[in-house]
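Report on one structure; see the data block that follows.
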Ligand SMILES: Nc1nc2c(c(=O)[nH]1)N[C@H]1C(S)=C(S)[C@@H](COP(=O)(O)OP(=O)(O)OC[C@H]3O[C@@H](n4cnc5c(=O)[nH]c(N)nc54)[C@H](O)[C@@H]3O)O[C@H]1N2
Ligand SMILES: Nc1nc2c(c(=O)[nH]1)N[C@H]1C(S)=C(S)[C@@H](COP(=O)(O)OP(=O)(O)OC[C@H]3O[C@@H](n4cnc5c(=O)[nH]c(N)nc54)[C@H](O)[C@@H]3O)O[C@H]1N2
Ligand code: SF4
Ligand SMILES: [Mo]
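Residue numbers (our numbering): 98 to 787.
So this is what it looks like as structure tokens:
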């Protein structure tokens, strides 16, 4: 009897497309042309260095999920009922194009609002929707849900979104500060490099309102009240100046107004900050001394602490610290928040920037609820939004003010097309649903924010059913709508290759073969020793908020506590942090069995004394409420956070909550200061036993 030959196992390179600053280099087992096995982290990328998160390691669960959308659908039941019938691609695309044309004829082109985000971070599949927008003169896009506040705060001081290479940390840093982020959940590679430093004897400090998995690993965990990091940073600077830790020769050579700053923080004492942050003055002084005496100190600034109304001011205040001690000068010293500005990529072909018309209104992504329910201010005085195509995002779960979002999506006069991998809660509201490929089923390329590689990925397997990539859908709609641009005539690969060549980067094939092109800057540039990317070459303690527009006049001129947060009141005495869950990624992976099993159910983490005062024990239902809505979750007592702080991890499906509405029913769509940005961790709530 002949033995069957064992299946041949191909291992192919890819890149994680998810909305995570790690952008890991992957090795994918291909079992056959349609099936994958395990996914592992690759060593070809020295930031990934063989490590990826558990949820992507188990990606076979998601890519081969029985609930994947496989065919175009047309709604047959009421809006949001989830009742659909199967139709063909031609018919589906015709319906969308007809609706867009009809609505534009009635209300003008601005009535159509293509809506997208970063479900895939691949630049062609993610941003090609903008080419259609610009070619058709549809409403423009003001992207605010994630990085607006943090980008604003960082660039206000440093001048551009780049910083020191995090790979230096493992071998050179003597102190690592993880500020306002939980990389154990949200970017495992930060932890990997930070713990390498810790094993060498470096101290690890975590600044986070609750005892996260990251805080568990820390030598010092500072747990301030949410939205108070500006005060903490100012008091640290007070101690640095008062106790001789300021590097005056560095300050004079590289910063704009050190004398004014020193005078300004003289009144920002540890006692002053203690009253605002809820930390003790002693904790603040101890941290400041540790930071001051350690030259090779590195701050990893995360997004988490910027998701407050004052988040840009807080980010700016924290970014001032290495400029005071001069830590930027040393290997393993300085800070990073993101590296997106290092790539020389010309995005015009991808996004059709040559056709963009600045006179067309740009609607705020995070204000979807107010926009769809006719808020004139949110609509910027223009026509109502009556037609949308949604790609790579699930606003019915992730957008603030869920009640308004759902009310708007349910409007009978709104034509909604959703291109998705699953029948998400957003897709359930659609008139037409289109099935989308996953990253292993199409070509794309990726910048990173946490590291410095630019990576090209090729399709690894064939898509199931009739799934189509975003680029194809956009090009087919363009054809039907009469939109013209060379990008619509090219394949995704051709766009990638042309873009890379125009940008003077490695061509697509060379990049793919080389496992990515590393754009790490030379030491002097990365550490800003040849100047900060501001016109005067200096770090700005005095931020020029005016250049960001909006409410710039209300911003503090020098770093400070900007008191505009949704403060606790006797009626709403708790401050809610709606933090990311470990095995979900925003709304993604809420469909996979292993993530559902690990995360269990929506849970409110409370100080044990608050649980006692509320008369609840672990597992009891509690009702969180404010003027926007009410949400029922299970209570859990947890040490390591202040009284009056409540944390609910994860963007769970609305249907997983008693009452059918999820955590973003409580969060606000009010734009952060000065120019917008969503404020997910800045919410005052009441809590009662349910
Ligand atoms: N597993 C998982 N990974 C993810 C995501 C996910 O949902 N799950 N989301 C992805 C996305 S879209 C992004 S943008 C990144 C974000 O990733 P990071 O930039 O690392 O930021 P987060 O981890 O979101 O930060 C959350 C932490 O900030 C803390 N925080 C909230 N408010 C404050 C504050 O006022 N001060 C301080 N000091 N801390 C505060 C929260 O308690 C929480 O622990 O992660 C990505 N990766
Ligand atoms: N409560 C609370 N809410 C939050 C946050 C929080 O911390 N707390 N964080 C906020 C942040 S930082 C962000 S970035 C947003 C993110 O919110 P979303 O943008 O909604 O997040 P994702 O879950 O990453 O992606 C959404 C969808 O993209 C789809 N998708 C993935 N790849 C493709 C593709 O190639 N084609 C198509 N057509 N679809 C694809 C996925 O199936 C998924 O349903 O959430 C925000 N909401
Ligand atoms: S850590 Fe982030 S980039 Fe890396 S595999 Fe996980 S989700 Fe993807
Ligand atoms: Mo994000």
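For glycine and all other residues, C-beta sits at the position ideal for the given N, C-alpha and C.
In whole angstroms, what is the alpha-carbon distance linking residue i and residue j?
| i | j | result |
| --- | --- | --- |
| residue 438 | residue 306 | 30 Å |
| residue 401 | residue 590 | 35 Å |
| residue 113 | residue 335 | 42 Å |
| residue 625 | residue 348 | 13 Å |
| residue 99 | residue 128 | At residue 99, the pLDDT of 49 sits below 50, so the modelled position is not reliable; the number obtained from the coordinates is stated separately. Answer to the nearest angstrom: the Cα atoms are 22 Å apart. |
| residue 457 | residue 272 | 48 Å |
| residue 142 | residue 614 | 10 Å |
| residue 754 | residue 183 | 30 Å |
| residue 204 | residue 369 | 54 Å |
| residue 269 | residue 392 | 11 Å |
| residue 740 | residue 656 | 27 Å |
| residue 424 | residue 651 | 30 Å |
| residue 530 | residue 473 | 29 Å |
| residue 524 | residue 715 | 35 Å |
| residue 786 | residue 250 | 39 Å |
| residue 399 | residue 431 | 14 Å |
| residue 387 | residue 266 | 17 Å |
| residue 209 | residue 299 | 53 Å |
| residue 630 | residue 705 | 47 Å |
| residue 545 | residue 340 | 39 Å |
| residue 527 | residue 696 | 28 Å |
| residue 191 | residue 222 | 21 Å |
| residue 726 | residue 303 | 32 Å |
| residue 636 | residue 419 | 10 Å |
| residue 768 | residue 316 | 35 Å |
| residue 757 | residue 446 | 43 Å |
| residue 607 | residue 618 | 21 Å |
| residue 216 | residue 461 | 18 Å |
| residue 123 | residue 150 | 11 Å |
| residue 144 | residue 218 | 18 Å |
| residue 694 | residue 202 | 49 Å |
| residue 710 | residue 759 | 25 Å |
Considering only the alpha carbon of each residue, which of the options lies closest to residue i?
| i | options | result |
| --- | --- | --- |
| residue 736 | 635, 320, 681 | 320 |
| residue 507 | 121, 147, 178 | 178 |
| residue 261 | 428, 322, 175, 166 | 428 |
| residue 556 | 570, 562, 538, 542 | 538 |
| residue 111 | 566, 451, 610, 504 | 610 |
| residue 358 | 371, 519, 383, 331 | 331 |
| residue 601 | 616, 337, 612 | 616 |
| residue 746 | 687, 713, 711 | 687 |
| residue 633 | 140, 565, 239, 353 | 353 |
| residue 791 | 534, 641, 126, 230 | Any question about residue 791 goes unanswered here, given that the chain covers just 98 to 787. |
| residue 512 | 162, 199, 771, 782 | 199 |
| residue 486 | 130, 641, 194 | 194 |
| residue 327 | 211, 374, 106, 294 | 374 |
| residue 126 | 242, 145, 712, 106 | 106 |
| residue 275 | 139, 228, 285, 397 | 397 |
| residue 584 | 356, 229, 405 | 229 |
| residue 406 | 186, 115, 325, 201 | 325 |
According to DSSP, which residues form a beta bridge with residue i?
| i | result |
| --- | --- |
| residue 111 | 123 |
| residue 239 | 461 |
| residue 516 | 488, 531 |
| residue 672 | 742, 781 |
| residue 700 | 731 |
| residue 129 | 132 |
| residue 718 | 731 |
| residue 442 | Answer is none; residue 442 lacks a bridge partner. |
Taking 8 Å as the cut-off, does the CB of residue i come closer than this to any heavy atom belonging to ligand 5?
| i | result |
| --- | --- |
| residue 536 | Ligand 5 is not among the ligands present in this structure, which contains only ligand 1, ligand 2, ligand 3 and ligand 4. |
Just to check my reading of the structure: residue i and residue j have Cβ atoms closer than 8 Å, yes? What is that Cβ distance to the nearest angstrom?
| i | j | result |
| --- | --- | --- |
| residue 522 | residue 766 | Incorrect: roughly 18 Å between the Cβ atoms, too far for contact. |
| residue 581 | residue 232 | 6 Å |
| residue 774 | residue 309 | Between residue 309 and residue 774 the Cβ distance is about 22 Å, and since that is not below 8 Å, they are no contact. |
| residue 782 | residue 743 | 7 Å |
Task: Within the segment 306-370, ranges of the beta strand (DSSP E) (whole runs, at least 3 residues) - done: 317-319
TODO: Run through the segment 724-761 for me and flag every whole beta strand (DSSP E) of 3 or more residues, listed as ranges in chain order.
DONE: Along the segment 724-761, the beta strand (DSSP E) occurs as fully enclosed runs of 3 or more residues at 726-734, 742-745, listed in sequence order.
Open item on the list: Going residue by residue through the segment 154-206, where are the continuous beta strand (DSSP E) segments of at least 3 residues, counting only ones entirely within it?
Closed with: If we require 3 residues or more, the beta strand (DSSP E) runs fully inside the segment 154-206 come out as 170-172, 181-183.
TODO: Just list the beta strand (DSSP E) runs in the segment 243-311, keeping only unbroken ones of 3 residues or longer that don't cross its boundaries, in chain order.
DONE: 272-276, 300-304
Task: Within the segment 613-646, ranges of the alpha helix (DSSP H) (whole runs, at least 4 residues) - done: DSSP runs (the alpha helix (DSSP H)) wholly in the segment 613-646: 620-623.
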